[in-house]
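In UniProt numbering, the protein residues as written are 1 to 558.
What follows is a single structure, written as structure tokens, with notes after it.
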């Protein structure tokens, strides 16, 4: 991985970013935006029995929407005030001991050195032992560990059960009351432990999970910004509501574990992927719960190339889908609200996998089979998502949220489709650490890149041909809305097509580096109010034109 950015610990201002207003109305807005699309899909599907298959797609999305509405609108348990009171009042008679695990498997040395330097600044008055768990068995990493005074461990059965095996081997060597885990690229604040350990005063808490946050500045390429921005949605809106249902997900890094709880569960879940999620469930079965504390105490590095991003998204999808093949939720007797939260993850991944292939089809069907029935108002359902993408989310996000996040969702959706296919076949692609050098588009990543490229070229190309034929047949007046649809498709698809081709046919490294730097220099700042108002005005005018309400005022569009 060519590193353009090394994270620094969150600042005092960033520390409480997610403790601000919860703004659950944002989730309501996203749901309402889908309602308009759903109504259009319903009328489209009922045109003829040949289109009834789209009712299944609509039904799947309605189930996903219902689960999201039930699970994502619950009020956050913790407040900034309650957090500060707890942390400031925590003065135990005897300070607990802590083991800090730093698993690594091939990450670049500058990434490790950056993280180890931040770890060295952790302020913990009790006994703290830092363990570098090196599954790469590199002398350079051993040297770094020695430089900072950390324990260095290479297990005898490297590779067995991947990260879970590495962590479980460390359990045989350490014995502190609490275990903190940071992935290789995360830089923690000095007060990292002081913000999380006090919550273990509640004997029912087995894991205290904090957010995983990432920089999204102009020095990065679009995929790295998009990967970082996408995580804000989960950790700022979804995870707090899940926590209110005792269904917060253990995400592995940026978390502290109670050692007795881990021992009661017979160690970390023995899986090659998603051991964090299933460790949380195993602890629940032993009477411990996972608590989510939305305080940003460490910052990491998001994937900076398409192959790394694809492998990451595939792993996350497989973790959720693994629940389909195991009776874990039934075995631990999870309450219905908790089950719904995990079912939402499964249905959500299925919906995204289906939508990436199904969403472009209705406009294509209209253009090629029903061109005489196309009207400008057909574009109206598209305007609500456009407002979300260009106005609302860029305005209220802490990170640089832009349409590039939707672009990255294309790859995420295809990766989710691959995960479903592998789940049905009872297989899984090889586990690849996100930061283990620069990932090459081989194996799973190459398959996802090829499928994404072929589908994007086919769908965007077909939309262009269909629009040209529709205009040739009936003129511009009824079809200009489709022109807007095609423009949106091109905005999302063409830059991605360019980069997918680059992944399959890598250019000269020096030229590729220069292009990446040039693209990174075009990074965008957060949306300001004048820009947001201007974009809203354009969309409102488009809606008025499409509805026909202002056509008499603009006869040249008639």
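We treat Cβ as the ideally placed atom computed from N, Cα and C, and that holds for glycine.
Predicted model, so just to flag it, every value in this text is computed and none were measured.
query: Residue(s) in a DSSP beta bridge with residue 214; result: 300
query: Residue 406 in three-state terms, based on DSSP; result: helix
query: N- and C-terminal bounds of the beta strand (DSSP E) containing residue 177; result: Residue 177 -> no beta strand (DSSP E), and no H or E assigned at all.
query: Cβ-based burial, residue 368 [other Cβ within 10 Å; buried from 16]; result: exposed
query: Straight-line gap, residue 525 to residue 175 (C-alpha atoms, nearest Å); result: Confidence at residue 525 is low in this model, with a pLDDT of 48, below 50, so its placement is unreliable and the value that follows should be read with caution. Taking the straight line joining both Cα atoms gives about 47 Å.
query: Alpha carbon of residue 185 to alpha carbon of residue 154, nearest angstrom; result: 19 Å
query: Per DSSP, cross-strand counterpart(s) of residue 536; result: Paired residues: none, contrary to the question.
query: Nearest-angstrom beta carbon gap, residue 254 and residue 210 [assumed within contact, 8 Å]; result: 5 Å
query: Assumed close pair residue 258, residue 288 - CB separation to whole angstroms, cut-off 8 Å; result: 7 Å
query: One or two residues paired with residue 152 in a DSSP bridge; result: 132
query: Any C-beta of chain B under 8 Å from that of residue 121; result: Checking the listed chains, one finds no chain B in this structure; it contains a single protein chain.
query: The beta strand (DSSP E) enclosing residue 588, as first and last residue numbers; result: Absent from the model: residue 588. The displayed extent of the chain is 1 to 558, so no value can be given.
query: As assigned by DSSP and simplified to three states, the class of residue 16; result: coil
query: Opening and closing residue of the alpha helix (DSSP H) in which residue 282 lies; result: 275 to 285
query: Exposed unless 16 or more other CB atoms sit within 10 angstroms - verdict on residue 493; result: buried
query: Backbone secondary structure at residue 289 - three-state DSSP; result: strand
query: First and last residue of the uninterrupted alpha helix (DSSP H) at residue 477; result: No alpha helix (DSSP H) contains residue 477, which DSSP labels as neither H nor E.
query: Same chain only: Cβ atoms within 6 Å of residue 393, ignoring 5 sequence neighbours per side; result: 401
query: Integer-rounded CB distance, given that residue 416 should sit under 8 Å from residue 353; result: 4 Å
query: Three CB pairs or more closer than 8 Å across the segment 377 to 392 and the segment 527 to 542; result: yes
query: Pair within 8 Å by beta-carbon distance, residue 189 and residue 298; result: yes
query: Status (buried if at least 16 other CB within 10 Å, exposed otherwise) for residue 242; result: buried
query: Segment limits, alpha helix (DSSP H) that includes residue 349; result: 336 to 358
query: Same chain, Cβ closer than 7 Å to residue 447, neighbours up to 5 away in sequence not counted; result: 418
query: Segment contact flag, the segment 204 to 223 with the segment 108 to 120, C-beta cutoff 8 Å, min 3 pairs; result: no
query: Rounded straight-line distance, which links the Cα of residue 260 to that of residue 295; result: 25 Å
query: Straight-line Cα distance separating residue 382 from residue 31; result: 14 Å
query: Cα-Cα separation between residue 123 and residue 501, rounded to whole angstroms; result: 47 Å
query: Validate contact between the segment 481 to 498 and the segment 196 to 216 using beta carbons, cut 8 Å, 3 pairs; result: no
query: Backbone CA spacing between residue 38 and residue 85 [nearest angstrom]; result: 46 Å
query: Same chain, Cβ closer than 7 Å to residue 71, neighbours up to 5 away in sequence not counted; result: 241, 242, 245, 340, 341, 344
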